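What follows is one structure encoded as C-alpha cells, with my remarks underneath.
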Amino acid sequence: MFDGKTILITGGTGSFGHKYTETLLTRYQPKKIIIFSRDELKQYEMQQRFDQDCMRYFIGDVRDEHRLVRAMRGVDYVIHAAALKHVPAAEYNPMECIKTNINGAENVINAAIDANVEKVIALSTDKAANPVSLYGATKLASDKLFVAGNNIAGGSRTRFSVVRYGNVVCSRGSVVPYFQSMIDKGADHLPVTHPDMTRFWINLQQGVDFVLKNFERMLGGEIFVPKIPSIRIVDLAKAMAPELPIKHVGIRAGEKLHEVMCPGENSYHTYQFNDHFVIAPAIKFFNRSNNFDVNALQEKGQLVEPGFEYASNTNPHFLSQEEILSFNQEALQ
Numbered sequence: 108m109f110d111g112k113t114i115l116i117t118g119g120t121g122s123f124g125h126k127y128t129e130t131l132l133t134r135y136q137p138k139k140i141i142i143f144s145r146d147e148l149k150q151y152e153m154q155q156r157f158d159q160d161c162m163r164y165f166i167g168d169v170r171d172e173h174r175l176v177r178a179m180r181g182v183d184y185v186i187h188a189a190a191l192k193h194v195p196a197a198e199y200n201p202m203e204c205i206k207t208n209i210n211g212a213e214n215v216i217n218a219a220i221d222a223n224v225e226k227v228i229a230l231s232t233d234k235a236a237n238p239v240s241l242y243g244a245t246k247l248a249s250d251k252l253f254v255a256g257n258n259i260a261g262g263s264r265t266r267f268s269v270v271r272y273g274n275v276v277c278s279r280g281s282v283v284p285y286f287q288s289m290i291d292k293g294a295d296h297l298p299v300t301h302p303d304m305t306r307f308w309i310n311l312q313q314g315v316d317f318v319l320k321n322f323e324r325m326l327g328g329e330i331f332v333p334k335i336p337s338i339r340i341v342d343l344a345k346a347m348a349p350e351l352p353i354k355h356v357g358i359r360a361g362e363k364l365h366e367v368m369c370p371g372e373n374s375y376h377t378y379q380f381n382d383h384f385v386i387a388p389a390i391k392f393f394n395r396s397n398n399f400d401v402n403a404l405q406e407k408g409q410l411v412e413p414g415f416e417y418a419s420n421t422n423p424h425f426l427s428q429e430e431i432l433s434f435n436q437e438a439l440q
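Residue numbers 108 to 440, in the working numbering, belong to the letters of the sequence shown in order.
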C-alpha cells in the first residue's frame, strides 16, 4: 500500500525513523519519504545513509504548526514519532515536554486535516497507560487527542490511530546500550533500579512491522497494542554480564515498577485479536460506527473479560536469560 505514496515521519531521525525508512525502501517503491525533524546534524548523518531520489529532509519542529502544514502538502501517510521521551528529564523540564508531546500532537492533527492526509498513526508508549510520570501523562493526552482527531476531521478523509508498545531493544538511550557501555568500560557492577522490575520487550523491526500492518488494519480511533514478551531487568543484567554483581539503586523519578499497556479500566472496550489488542475509543464518533471488533482487513476480535489488564508483570510470556540474549542479538542485526 506504500508504493507510489508520500510518507512523512515526524522525529524521523530517531531509531524508529531509521528502521522505518530502511524498511520502506527495501519493501516498497514510495514516491517520497519526508524526514521531518529539528536536528540538522542528525538529518545530515541520516542523509549519508539514505540518499535515494525519493528522500526529502525537512528541518522543522512539531511545535511549529505552520511548518507542519507546509511539510504535509501532498502527503498520503504520516507517522508521528517525534516526542520528548526521557522520563527523568521530563520531570525536571515539564513545560518543554508538554509543548512537544501535547501541543505538538495538536499541531500534527490540525496540519494533517488541513493537508487532507489520508492516514496518521501516532506512536505511543506503555507509560501512557495509568501514567505516574509526566512523560506518560503527556503521551496519554496525546493519545486522547489523536483518537478525538477523527471527530475533529469531520467529513474529511483523514483518519488517526495510535500504536502503543513497550521498551524498544537497543534504541537510543535505552537500557541495553547503557548496560553494554558500562560493560565495555570495565564496570565492576551493573545498576538495576529494583530487583522486581519488569518491562515489555520489542525490537525495532517488530515495532516497524506492527505500524506498517496497522496502516492496513486501521479504521481510525483505535489504539493498537502488540502481544509481546516481558523481561525482568535483573535477568537482562545477568544475561548481558553474568560475572558482574548487581547493585540496586532505587526507582528513578517518574518510573514504574511494572508497565501496563491495556488498563483494566478500559477492558469494556478492549478487543483481543490473534497477535494484538485493540483499545476502541470510549467517545462516540458522529459520522460512522463505533464497531471495532472487525478491522479493515476483516480480522475479527473478541471483547476481553471485564477487568482484564495487560501488564508486564502478569504477562504469560516471559523471556529466559538465554532468550533475552538471542532477542538482543537479533535486534542488533
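All C-beta atoms, glycine included, are put in the ideal place defined by N, C-alpha and C. As the structure is a computational prediction, the values presented were derived from the model and not from experiment.
Item	Value
Strand pairing of Ile-114, partner residues [DSSP]	Ile-140 and Tyr-184
Close beta carbons around Gln-154, own chain, < 8 Å, minus the five adjacent residues each side	Met-162 and Tyr-164
Backbone CA spacing between Asn-200 and Glu-406 [nearest angstrom]	42 Å
Inter-residue Cα distance where the pair is Pro-336 and Asn-381	15 Å
Classification of Met-202 by the beta-carbon crowding that lies within 10 angstroms, buried from 16 upward	exposed
Residue interval of the alpha helix (DSSP H) (run including Lys-345)	340-347
For His-355, the nearest candidate out of Phe-322, Arg-339 and Thr-300 (CA to CA)	Thr-300
Residue interval of the beta strand (DSSP E) (run including His-383)	383-386
Cβ neighbour criterion (16 or more within 10 Å) applied to Arg-395	exposed
Where Thr-265 falls: helix, strand or coil (DSSP)	coil
Same chain, Cβ closer than 6 Å to Thr-265, five either side skipped, listed in chain order	Ala-219, Ile-220 and Val-224
Cβ pair Phe-123, Ala-229 closer than 8 Å	no
Limits of the unbroken beta strand (DSSP E) element including Pro-298	297-299
Rounded distance between the beta-carbons of Leu-426 and Ile-338, thought under 8 Å	5 Å
Cβ contact (3+ pairs, closer than 8 Å) linking the segment 285-295 and the segment 241-254	no
Under the three-state DSSP convention, the category Val-318 falls into	helix
Alpha-carbon spacing of Arg-464 relative to Asp-342, whole angstroms	Outside the modelled stretch of the chain, which goes from 108 to 440, sits residue 464, for which no answer is possible.
Range covered by the beta strand (DSSP E) that runs through Asn-310	305-310
Integer Cβ distance of Glu-329 from Ile-386, believed to fall under 8 Å	7 Å
As assigned by DSSP and simplified to three states, the class of Val-254	helix
Run of the beta strand (DSSP E) containing Gln-379, from where it starts to where it stops	377-379
Member of Thr-113, Pro-333, Asp-171 and Cys-277 whose CA lies at the smallest distance from the CA of Asn-217	Asp-171
Member of Arg-180, Asn-321 and Asn-420 whose CA lies at the smallest distance from the CA of Met-108	Asn-321
Option in Tyr-135, Lys-246, Thr-117 and Ala-178 with minimal Cα separation from Gly-111	Tyr-135
Residues sharing a beta bridge with Phe-425, DSSP	Ser-337
Whole-Å CB distance - Pro-413 paired with Tyr-375, under 8 Å assumed	7 Å
Contact check, Arg-359 vs Val-239, beta carbons under 8 Å	no
Where Phe-392 falls: helix, strand or coil (DSSP)	coil
Coil, strand or helix - Lys-354 by DSSP	strand
Residues bridged to Met-162 (per DSSP)	Ile-140
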